[in-house]
Structures are given as C-alpha cells and as structure tokens.
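Heads up, the thing below is written out as structure tokens.
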Amino acid sequence: MACSKLFSGDLPELIDKVIQYFRYDYKTLRSCILINRLWCRLAIPLLWEDPFSIKFPKNYQFIEIYLRNLNDDYKTKLNEYNKVRYNNLNK
Numbered sequence: 014m015a016c017s018k019l020f021s022g023d024l025p026e027l028i029d030k031v032i033q034y035f036r037y038d039y040k041t042l043r044s045c046i047l048i049n050r051l052w053c054r055l056a057i058p059l060l061w062e063d064p065f066s067i068k069f070p071k072n073y074q075f076i077e078i079y080l081r082n083l084n085d086d087y088k089t090k091l092n093e094y095n096k097v098r099y100n101n102l103n104k
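The structure is reproduced here in structure tokens:
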C-alpha cells in the first residue's frame, strides 16, 4: 500500500486519538513531535495550547520567546507604554 493512501485514510484520525490520549503527558508529546511531520502537526497544538501549565524549572523563558516573536508594531507599543523593560526586545 502506498504511503499516500495510508495518510488519506483513517490513519490521521487514529494518530490524533493516540496523541489526545497523551494530552497531559508532555514528555510523551515531545517525543511524538519527533516521529514525523504528521505526528508533529497533530501534537504541537497540544503542547502550545497552555505552555505555562507545563512544570519546568525555567518556565519563564516562554515569556521571552513570546516577546521576541511579537511583530515590530507590538514591540514598539510595549516599549512606548513601558509595559516591558527589556532592552533586547528588538533583537
């Protein structure tokens, strides 16, 4: 059976059910994203739907990642309103 036929059938739905089963097992979800693109595409939304609920020692780094990936307009507004005092925000 060709690979394209597998991915157009029930396989994505079954993989989604498997991934949903591990919804709160972040270590397993991280492993799932390394399997292939399909698994990654299905698991990434679960990892990012509430990143601050993940209990990792340096959880504050998510905030820095969010700030660095804001578009320039939002970065400018944050700097103007002094909501964020972060010198490297524009990098």
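Heads up: the sequence shown begins at 14 in the numbering used here, then just goes up one per residue.
Note that CB positions come from ideal geometry on N, CA and C, so glycine has one too.
Predicted, not measured: the structure shown is a model, and the values here were computed from it.
Return helix, strand or coil for residue i, following the three-state DSSP convention.
{"i": "Glu26", "result": "helix"}
{"i": "Leu80", "result": "helix"}
{"i": "Asp38", "result": "coil"}
{"i": "Asn92", "result": "helix"}
{"i": "Ile57", "result": "helix"}
{"i": "Ile32", "result": "helix"}
{"i": "Asp63", "result": "coil"}
Could you name the residues of the same chain whose beta carbon sits closer than 8 Å to that of residue i, not counting the 5 residues immediately before and after it, in chain order?
{"i": "Trp52", "result": "Ile28, Ile32, Cys45 and Ile46"}
Compute the Euclidean distance between the alpha carbons of residue i and residue j, then round it to the nearest angstrom.
{"i": "Arg54", "j": "Arg81", "result": "23 Å"}
{"i": "Lys88", "j": "Gln74", "result": "17 Å"}
{"i": "Lys40", "j": "Glu62", "result": "15 Å"}
{"i": "Ile48", "j": "Asn95", "result": "43 Å"}
Determine the closest residue to residue i out of the options, with distance taken between C-alpha atoms.
{"i": "Pro25", "options": "Arg50, Glu77, Tyr79 and Ile76", "result": "Arg50"}
Can you name, in chain order, every residue of its own chain whose Cβ lies under 7 Å from the Cβ of residue i, other than the five neighbours on each side?
{"i": "Ile57", "result": "Ile46"}
Give every residue of the same chain whose Cβ lies closer than 6 Å to the Cβ of residue i, excluding the five residues on either side of it in the sequence, and list them in chain order.
{"i": "Leu60", "result": "Leu42"}
{"i": "Arg36", "result": "Leu59"}
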